[in-house]
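Numbering (this note's numbering), first residue to last: 1 to 366. The beta-carbon is built from N, C-alpha and C at its ideal position, and this holds for glycine as well.
This is the structure we're talking about:
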């Protein structure tokens, strides 16, 4: 059997054996091609940096980039394959691009008449918590192709079933290899698995938990903490007073979270060679999660943006970027109008209830 694999550094068993090594060792399998998502096959390329295709000298097969000239496998890339396998660890947020890569790779496989296998992995921020606005299709992009909430509470295997059934125009053979022993209420720390960075700026499960809310800063002139040791767990800017922002946010009494004043200087790192406010001292807040189950990262992110906008006139949105991340223009416009963040969050209720009903038939785990 001639196999192609979409994978990266995270495609490993509990003991650290990589998928490509398992495939190469199987007597009935011939590994023909590898496909790398954003950050490359080894997960070491900075966010947004295009990755070229190459012949991997160690593995001895062609490595096709799905974050370069194309983000979807072409017929030439798939030629000669009997099956395409997807094995990548996700973080549970709609705008984390591995989900889009899976969707496009599955569509390409179906168009080529090739079976598509998803080796399922845990959602590290549980399969029970759902948050945020549901994407409106006019804002569909590589940071959100399908009408999902920001925090979707599903595994990639479950999402593959939903996407194939609901939103792909072509049909094909999809097989999801289910996990054993995972429950929907599990956090990453409950799995007993070591954390392997799915991308350079996702160094811990706590970063993954904050990410659905703090990543929204990428669509503003706030630093989301790239170029520091705790990206996505702190936010700031040179024109912010950290103590003032922390006082405002703590007074809001948000569940499961305490805000600490912080100062940091974003510096070039392999994970972030050109971070926002490079070399400039920023003040802001560090998110200290006290109760993971009570903490709502998207709600918290909305409150942070609301507080910054209230206190600091220098704050601004990058409209197109923010709207693509949010999946709607309504969130930005509500914040610009100074609406109460709790009213904004309450406005997601109907969309989230509809999504809860929609996803039920695709859930594989209890």
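1) Do the stretch 70-81 and the stretch 124-133 meet, that is, are 3 or more Cβ pairs less than 8 Å apart?
2) Give the straight-line distance between the Cα atoms of residue 190 and residue 238, rounded to the nearest whole angstrom.
3) Counting pairs of beta carbons, one from the stretch 208-228 and one from the stretch 320-333, are three or more of them closer than 8 Å?
4) Do the stretch 39-46 and the stretch 114-128 meet, that is, are 3 or more Cβ pairs less than 8 Å apart?
5) Counting only the same chain and skipping the five closest in sequence on each side, list residues whose C-beta sits under 8 Å from that of residue 336.
6) Taking the beta strand (DSSP E) that residue 182 falls in, what are its first and last residues?
7) Does the stretch 199-214 touch the stretch 243-252, meaning 3 or more C-beta pairs lie closer than 8 Å?
8) How long is the line joining the alpha carbons of residue 23 and residue 159, rounded to whole angstroms?
9) Mind checking which residues open and close the beta strand (DSSP E) that includes residue 7?
10) Are residue 116 and residue 37 close, meaning C-beta to C-beta below 8 Å?
11) Taking the alpha carbon of residue 142 as the point to measure from, which residue in 102, 154, 161 and 51 has its own alpha carbon closest?
12) Alpha carbon to alpha carbon, what distance is there between residue 251 and residue 67?
13) DSSP has residue 42 in a bridge; who is on the other side?
14) Is the beta carbon of residue 242 less than 8 Å from the beta carbon of residue 284?
15) Between the Cα of residue 70 and the Cα atoms of 47, 341, 35 and 340, which residue gives the shortest distance?
16) Which residues in the same chain have their Cβ closer than 7 Å to the Cβ of residue 162, if we skip the five residues on either side of it in sequence?
17) Using the Cα positions of residue 154 and residue 92, report the straight-line distance between them to the nearest angstrom.
18) Along the alpha helix (DSSP H) that carries residue 103, what are the first and last residues, could you check?
19) Applying the criterion that 16 or more other CB atoms from any shown protein chain within 10 Å of the CB defines a buried residue, is residue 274 buried or exposed?
20) Along the chain, where does the alpha helix (DSSP H) containing residue 205 start, and where does it finish?
21) Could you round the C-beta distance between residue 228 and residue 268 to whole angstroms and report it? I think they count as a contact, below 8 Å.
22) Could you check what DSSP says for residue 191 in three-state terms: helix, strand or coil?
23) Return the chain-ordered ranges of every beta strand (DSSP E) run that is complete within the stretch 215-283 and spans a minimum of 3 residues.
24) Give the range of the beta strand (DSSP E) segment to which residue 65 is assigned.
25) Here's the rule: buried if 16 or more other CB atoms are within 10 angstroms of the residue's CB, otherwise exposed. What is residue 421?
26) In angstroms, rounded to a whole number, what distance separates the CA positions of residue 197 and residue 208?
27) Quick check on the burial criterion: 16 or more other C-beta atoms within 10 angstroms. Buried or exposed for residue 290?
With the given structure in hand:
1) Too few Cβ pairs lie closer than 8 Å, so no.
2) Rounded to whole angstroms, residue 190 and residue 238 show a C-alpha spacing of 38 Å.
3) Because the criterion of three Cβ pairs below 8 Å is met, the stretch 208-228 and the stretch 320-333 touch.
4) Output reads no: the stretch 114-128 does not touch the stretch 39-46.
5) Cβ-Cβ distances below 8 Å link residue 336 to 309 and 317 in the same chain, with the five nearest sequence neighbours on each side left out; the list follows chain order.
6) Per DSSP, residue 182 lies in no beta strand (DSSP E) segment and is marked neither H nor E.
7) Contact fails: fewer than three Cβ-Cβ distances are below 8 Å.
8) Distance between the alpha carbons of residue 23 and residue 159: 24 Å.
9) Counted as a single uninterrupted DSSP element, the beta strand (DSSP E) harbouring residue 7 occupies residues 2-7.
10) Not a contact, by the Cβ cut-off of 8 Å.
11) Checked all of 102, 154, 161 and 51; the closest Cα to residue 142 is 102.
12) Linking residue 67 to residue 251 through their CA atoms gives a straight-line distance of about 42 Å.
13) Paired residues: none, contrary to the question.
14) Contact annotation: residue 242 and residue 284 have beta-carbon atoms nearer than 8 Å.
15) Of the candidates 47, 341, 35 and 340, the one whose C-alpha sits nearest the C-alpha of residue 70 is 35.
16) Counting only Cβ-Cβ distances below 7 Å, and skipping sequence neighbours, we find 359 and 362.
17) The straight-line gap from Cα to Cα measures roughly 7 Å.
18) Counting along the chain, the alpha helix (DSSP H) containing residue 103 begins and ends at 98-112.
19) That one is exposed.
20) Residue 205: member of the alpha helix (DSSP H) spanning 205-214, first to last residue.
21) For residue 228 against residue 268, the beta-carbon gap comes to about 11 Å, at or over 8 Å, which does not count as contact.
22) Of the three classes helix, strand and coil, the one that applies to residue 191 here is helix, per DSSP.
23) Whole beta strand (DSSP E) segments, 3+ residues: 234-237 and 257-264.
24) 62-65 is the extent of the beta strand (DSSP E) around residue 65.
25) Because the chain in this structure spans residues 1 to 366, residue 421 falls outside the shown range and cannot be described.
26) When rounded, the distance between both Cα atoms is 10 Å.
27) By the Cβ neighbour-count rule, residue 290 is exposed, with fewer than 16 other Cβ atoms within 10 Å of its own.
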